[in-house]
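Novice: With UniProt numbering, letter number 31 in the sequence shown gets 31, and the count goes up by one each step, no holes.
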Amino acid sequence: MYPYYHRYYFRGPSRIVWFILGAGAATFWNCSRHMREHRAQYFPCVMQAPRVEGSGEQSTPPVYSKPDAPGPAPQEHRWNFIHRSQPNRNGDGTAGWNQREWEEDKERLKEIQKRAEDAMLDMSESTLESIVSTVEALKTKLAQHKTQREQERKNYEEELERQKKEPRRYV
1 MYPYYHRYYF RGPSRIVWFI LGAGAATFWN CSRHMREHRA QYFPCVMQAP
51 RVEGSGEQST PPVYSKPDAP GPAPQEHRWN FIHRSQPNRN GDGTAGWNQR
101 EWEEDKERLK EIQKRAEDAM LDMSESTLES IVSTVEALKT KLAQHKTQRE
151 QERKNYEEEL ERQKKEPRRY V
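1) Going along the chain, which residues of its own chain have a beta-carbon closer than 8 angstroms to the beta-carbon of Ser-14, five neighbours each way excluded?
2) Using only the alpha-carbon positions, how far apart do Met-35 and Ser-124 sit?
3) Between which two residues does the alpha helix (DSSP H) harbouring residue 234 extend?
4) In whole angstroms, what separates the C-alpha of Glu-37 from that of Trp-29?
5) Nearest-angstrom Cα distance between Ala-119 and Trp-102?
6) Identify whether Val-17 lies in helix, strand or coil by the three-state DSSP scheme.
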């Protein structure tokens, strides 16, 4: 017996398995972090904590009956992302969008929709016109073939009648 064994014989899973597992975990963590930042930047009304109506701006915190009673949970950093202050924040959570910009955007979308509808209408009309012209061409071709077949049949019958009247003589 050989006293030295192969040192890689009792090793666990391959290093590539651990590499793939680590790469997958790092990718998932990175993508989730980017998505949280994306949502916070582009969908602030979704990521904002719900506001309590009537609370307003109070300079002093409310006084509770028990000093050691737990207060309301802080809602500011609940989603674990960096809040970027946006100076043009409206009351509804949209940043910098006023009514005029919304109306312009709606009009632009209506114009795009109308152009798309017109393009689809033109395309469907041209498709129907091409189908109708193809059907008409096939119809005329079929009529021509029908007249040609009738003419060939008439010529064949005339040839048969002539051969019956004047049979061929081979001698």
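Just so it is clear, CB atoms sit at the ideal spot from N, CA and C, and this is done for glycine as well.
Specialist: With the given structure in hand:
1) none
2) 41 angstroms
3) Any answer about residue 234 is impossible in this case: the structure gives the chain only from 1 up to 171.
4) 13 angstroms
5) 26 angstroms
6) helix
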